[in-house]
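In UniProt numbering, the protein residues as written are 1 to 290.
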Amino acid sequence: MQLQKSYENHPSGTLYLVPTPIGNLEDMTFRAVRTLQEVDLIAAEDTRNTRKLLTHFEIDTPQISFHEHNTQERIPQLVGKLLAGQSIAQVSDAGMPSISDPGHELVRACIAADIPVVPLPGAIAGVTALVASGLAPQPFYFFGFLERKKKEQAEQLESLKNREETMIFYESPFRLKDLLKNIAAVMGGDRQVVICRELTKRFEEFIRGSAEELVLWAEETEIRGEICLMIAGNDNPEKPVEENFDELSLKELVEMLMAEQGLSSKDAIKEAAKIRNLKKQEVYQAYHGF
């Protein structure tokens, strides 16, 4: 167990996770600007890209590159600076650090070293697009980027097609057409899909319709810009054949529900308890081996 009191004095510096605008610079918060001004160092996914942001807000804090290709080299360096008392702000190119961007490994390293990690609230493309999509905003399931290859992507969609939550994905405009075809083929042409393009920017647009309608739209459209795609949850998910359940132990039943329906362990335990007409605590104990 570890207890972090973020704003008490610490012998080390603090790692601040600072979100940046996803398009419109006016979405930068006062607190984010102040934090970037006050820290000793900014760990940026792309220092050239972040330099434009810093110049706009007249911030002269030095930067160091921190991206997916140098994490193993940089993490010990950054942790060392934090332990020496320096404070560091981590930023990605756009939006919240660690969401489809580098950062999670640094956060874990800081926690292991008892260095406080302080997140700042701010822009995140998936949730921003979700609330204007018209699809159910809760519960939702954030996935991020799917596999690029068609076969692997289809397998991922197959594992997700019975989820009842709205699903959120990021995608390249160059691969969007193929993704829409895959969604229609795996989840059905009538599954509702919403595309948000160029979120918060001048040419922001939402395209709402069935997977089949959006495939036709993509065939006729030159697609550009940053893409966030949302798929409606399945109102009538397929359930595994229950007569096979009696042959499984409670642990095996929970694991099967997680694998076949894409459920979390918590939801799978709840579903298994319904199937076996047991209390959730009994299934929980059997699954965790208590």
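Quick reminder that beta carbons are idealized off the backbone N, C-alpha and C, glycines included.
As the structure is a computational prediction, the values presented were derived from the model and not from experiment.
Query, Result
"8 Å contact criterion, which Leu146 and Thr166 should meet: CB distance rounded", "Rounded, the Cβ-Cβ distance is 16 Å, inconsistent with contact."
"CA-to-CA distance, Val39 to Ser6, given in whole angstroms", "15 Å"
"Distance between beta carbons of Leu263 and Glu271, contact taken as under 8 Å", "7 Å"
"Residues sharing a beta bridge with Leu15, DSSP", "Ile88, Val117"
"Sufficient close CB pairs (3 or more, under 8 Å) joining the stretch 223-231 to the stretch 115-133", "yes"
"Three-state secondary structure (DSSP) of Glu55", "It is Thr, not Glu, that sits at residue 55 in the sequence shown. Three-state DSSP puts Thr55 in a helix."
"Strand pairing of Met230, partner residues [DSSP]", "Ile168, Val194"
"Whole-angstrom distance between Pro19 and Ala286, CA atom to CA atom", "41 Å"
"Proximity winner among Asp235, Leu53, Glu68, Val254, relative to Asp101 (alpha-carbon distances)", "Glu68"
"Cα-Cα separation between Ile275 and Asp246, rounded to whole angstroms", "10 Å"
"Euclidean distance between Cα positions of Leu17 and Arg197", "26 Å"
"Contact check, Leu120 vs Leu15, beta carbons under 9 Å", "no"
"Exposure label - Phe174; buried when at least 16 CB within 10 Å", "exposed"
"DSSP state of Ala129 mapped onto helix, strand, coil", "helix"
"Coil, strand or helix - Gln285 by DSSP", "helix"
"Per-residue DSSP class, three states only, for residue 292", "Examination of residue 292 is not possible in this model, given that the chain is present from 1 through 290 alone."
"Residues of its chain near Tyr284, where Cβ-Cβ distance is below 6 Å and the 5 sequence neighbours each way are ignored", "Ile269"
"Assigned secondary structure, Glu243 (DSSP; H/G/I helix, E/B strand, else coil)", "Confidence is the limiting factor: at Glu243 the pLDDT is only 48, short of 50, which leaves the residue's position unreliable and the question unanswerable from this model."
"Of the listed residues Ser133, Ser98, Pro137, nearest to Val118 (C-alpha basis)", "Ser98"
"DSSP bridge partner residues for Gly95 (one or two, in chain order)", "Thr20"
"DSSP state of Ala154 mapped onto helix, strand, coil", "helix"
"Residue from Ile183, Gly233, Lys251 whose Cα sits closest to the Cα of residue 309", "This structure does not reach residue 309, given that the chain is present from 1 up to 290, and the question cannot be answered."
"Close Cβ partners of Phe57 (< 6 Å) along its chain, the five nearest in sequence each way excluded", "Val33"
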